[in-house]
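Numbering (the working numbering), first residue to last: 345 to 489.
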């Protein structure tokens with residue numbers, strides 16, 4: 345649970361400090377699969393997101409959902425991170441729900457699970473999709489793009 349007397353506050357934020365974003369990714373282990381070493385790319389990821397839904401405890405960012413959406417057909421939830429100390433409290437589920445609501449519940453929400461989270465998503469009601477395909481990057485990320 346959150347520390348005594350503190351609750352989790354959720355919000356849709358129009359902008360987010362990149363250092364806060366990187367910090368919560370590190371505290372969630374999602375940093376293992378994101379270019380947190382390249383500040384320019386991380387700034388672009390935050391700035392160009394269509395939706396940023398946050399979870400804060402006493403002002404500290406403890407969870408974030410970063411999504412790209414057209415607000416009418418599909419929503420790609422690219423980053424879902426919850427501080428390991430705050431996991432198993434429903435924060436991830438609530439971030440997903442709020443992201444889907446903000447994008448439009450008529451959209452299909454798409455998420456590619458991190459290997460460590462494969463068993464989590466069916467537990468909260470997400471359905472596996474047998475025909476998802478990806479094209480890997482052709483080059484290493486460049487902060488000049």
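For glycine and all other residues, C-beta sits at the position ideal for the given N, C-alpha and C.
Note that the coordinates shown come from a computational prediction; the quantities given were computed from them, not determined experimentally.
| Query | Result |
| --- | --- |
| CA-to-CA distance, residue 402 to residue 452, given in whole angstroms | 32 Å |
| Residue 482 classed as buried or exposed, judged by whether at least 16 other C-beta atoms fall within 10 angstroms | exposed |
| Top-ranked residue by Cα proximity to residue 428, from 458, 374, 470 | 374 |
| Residues bridged to residue 423 (per DSSP) | 410 |
| Counted within 10 angstroms of its Cβ, other Cβ atoms place residue 377 as buried (16 or more) or exposed | exposed |
| Contact check, residue 425 vs residue 408, beta carbons under 7 Å | yes |
| Buried versus exposed, by CB contacts within 10 Å (16 or more), residue 350 | exposed |
| Residue ranges of each alpha helix (DSSP H) within the region 412–472, 4 or longer | 435–447, 464–467 |
| Cβ neighbours of residue 397 in the same chain (closer than 6 Å, five flanking residues each side left out) | 356, 409, 439, 442, 443 |
| For residue 384, the first and last residue of its enclosing beta strand (DSSP E) | Element bounds for residue 384: not the beta strand (DSSP E) but the alpha helix (DSSP H), 383–391. |
| Cβ shell of residue 489 (< 7 Å), same chain only, five flanking positions each side left out | Interpretation of residue 489 is limited by its pLDDT of 47, a score under 50 that renders its predicted location unreliable; the figure taken from the coordinates is listed afterwards. No residues qualify anywhere along the chain. |
| Same chain only: Cβ atoms within 6 Å of residue 446, ignoring 5 sequence neighbours per side | 356, 395 |
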